[in-house]
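What follows is one structure encoded as structure tokens, with my remarks underneath.
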Amino acid sequence: MSPEPANGPGTGIPRHLAVIMDGNGRWAERRRRPRMIGHRAGARAVNVCIDFCLERGIQALTLFAFSSENWGRPEDEVGALMKLFMNALEREVEELDRRGVRVRFIGERTRFSEAIRQRMDEAEAVTAGNDRLHLSIAASYGGRWDIAQAARALAEDVAAGRLSPDAIDEHALHARTCLAELPPPDLFIRTGGDLRISNFLLWQLAYTELWFTEALWPELDTATLQSALDDYARRQRRFGLTGAQVAAPRTETSA
Ligand code: FPP
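Structure below.
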């Protein structure tokens, strides 16, 4: 991503949007249909969200597709979700590439089948040169797992003599978390009405603006996403400073 933020704090448009796509199951159950029908409808809503980001110039989108805990769902639902991911990868990657989207997967990839891992690798390789939208799909992902794997990487570097324990600080740990090369999410959206983070990007969401909607993920439309952006644009992000400090025009200070 380019170093100069065209969007982000102060511009009204988030640079990085992170989304928990919740409510697929309830959407289907309300229609007396199998939960999987809801996940299929959810896959269509993913395209609504990607289109929105491309139109608004949002530069990074991170979607929570499958959590570390989702492996515990009924076997038939997990199997059907794997098929859905596989089909989506086959169907969508060419079009995403044509539109300048870079696709990446974050999470414990070793838990997926060889076939899915291969598709993930291919999608990443095909779209690696794109820069219009950085789409990160969190799959078999957990925020606690992310922090733990970063801590393990630090320990390995110390054990190998590449890093002094004194050099371990927030920056060193951050550099080993997933998404380290992207700015942290400016805006977080969760559909489905629940007011929680559910082990999503625990480290990265420290100063993210949170926005929740009762709308179920398959119902997602441009108007809902625009409401989130309008609300975001009205907020003052203080990052621990006072309102007056943030509102004051920046002045050059000399030491
Ligand atoms: C949460 O809804 C959703 C999931 C666990 C799966 C998300 C998958 C998709 C949106 C479809 C495909 C995605 C990609 C990236 C191709 P839920 O099942 O927990 O809904 P509920 O809370 O109503 O039961």
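Offset between the sequence shown (1-based) and my numbering: plus 1412.
Yeah, the Cβ is synthetic: ideal placement off N, Cα and C, and Gly gets one too.
Discussion item. Can you give me the C-alpha to C-alpha distance between Pro1415 and Met1498, rounded to a whole angstrom?
Written reply: Here residue 1415 refers to the residue found at position 3 when the sequence shown is read from its first residue. Here residue 1498 refers to the residue found at position 86 when the sequence shown is read from its first residue. For Pro1415, the predicted model reports a pLDDT of 49, less than 50, meaning its position is unreliable and no value from the coordinates is stated.
Fill in: Contact test: Ala1445 Cβ vs the ligand FPP heavy atom, cutoff 7 Å
As a working mapping, residue 1445 is identified with position 33 in the sequence shown. The sequence shown places Arg at residue 1445, rather than the Ala named in the question. Incorrect: Arg1445 has no Cβ contact closer than 7 Å to the ligand FPP.
Worksheet entry | Continuous alpha helix (DSSP H) stretch holding Leu1547: start and end | In the sequence shown, counting from the first residue as 1, residue 1547 sits at position 135. Residue range 1545-1553 is occupied by the beta strand (DSSP E) that includes Leu1547, with no alpha helix (DSSP H) assigned at that position.
Practice prompt. May I ask which residues mark the beginning and end of the beta strand (DSSP E) holding Arg1514?
Written response: Residue numbering aside, residue 1514 sits at position 102 when the sequence shown is read from its first letter. That run of the beta strand (DSSP E) goes 1513-1518.
Discussion item. Classify Arg1516: buried if its beta carbon has 16 or more other beta carbons within 10 angstroms, exposed otherwise.
Written reply: Taking the sequence shown and counting its residues from 1, one reaches residue 1516 at position 104. Per the 10 Å Cβ criterion, buried.
Worksheet entry | Opposing strand residues paired with Ser1479 [DSSP bridges] | Here residue 1479 is taken as the residue at index 67 of the sequence shown, counted from 1. Paired residue(s): Tyr1553.
Worksheet item: Quick one: complete beta strand (DSSP E) runs, 3+ long, within the region 1588-1646?
Response: Listed in chain order, the complete beta strand (DSSP E) runs (minimum 3 residues) inside the region 1588-1646 are 1599-1602, 1621-1624.
Discussion item. Pop quiz: Ile1518 and Cys1590 are said to be a contact at Cβ under 8 Å. What is the actual Cβ separation, rounded to whole angstroms?
Written reply: Residue numbering aside, residue 1518 sits at position 106 when the sequence shown is read from its first letter. Residue numbering aside, residue 1590 sits at position 178 when the sequence shown is read from its first letter. That pair is a contact at about 4 Å.
Worksheet item: By Cβ distance below 7 Å, which residues in the same chain neighbour Leu1594 in space, the five residues on each side in sequence not counted?
Response: Position 182 of the sequence shown, counting from 1, holds the residue named residue 1594. Cβ within range, chain order: Met1413, His1428, Ala1472, His1546.
Worksheet item: For Phe1497 and chain C, any beta-carbon pair shorter than 8 Å?
Response: The structure shown contains no chain C; it is built from a single protein chain.
Worksheet item: So, helix, strand or coil for Leu1585, using DSSP?
Response: In the sequence shown, the residue the question calls residue 1585 occupies position 173. Leu1585: helix per DSSP, three-state reduction.
Item to complete: Please confirm whether any heavy atom of the ligand FPP lies closer than 7 Å to the CB of Thr1435.
Response: Residue numbering aside, residue 1435 sits at position 23 when the sequence shown is read from its first letter. The question names Thr, but residue 1435 in the sequence shown is Gly. For Gly1435, the shortest separation between its Cβ and any heavy atom of the ligand FPP lies below 7 Å.
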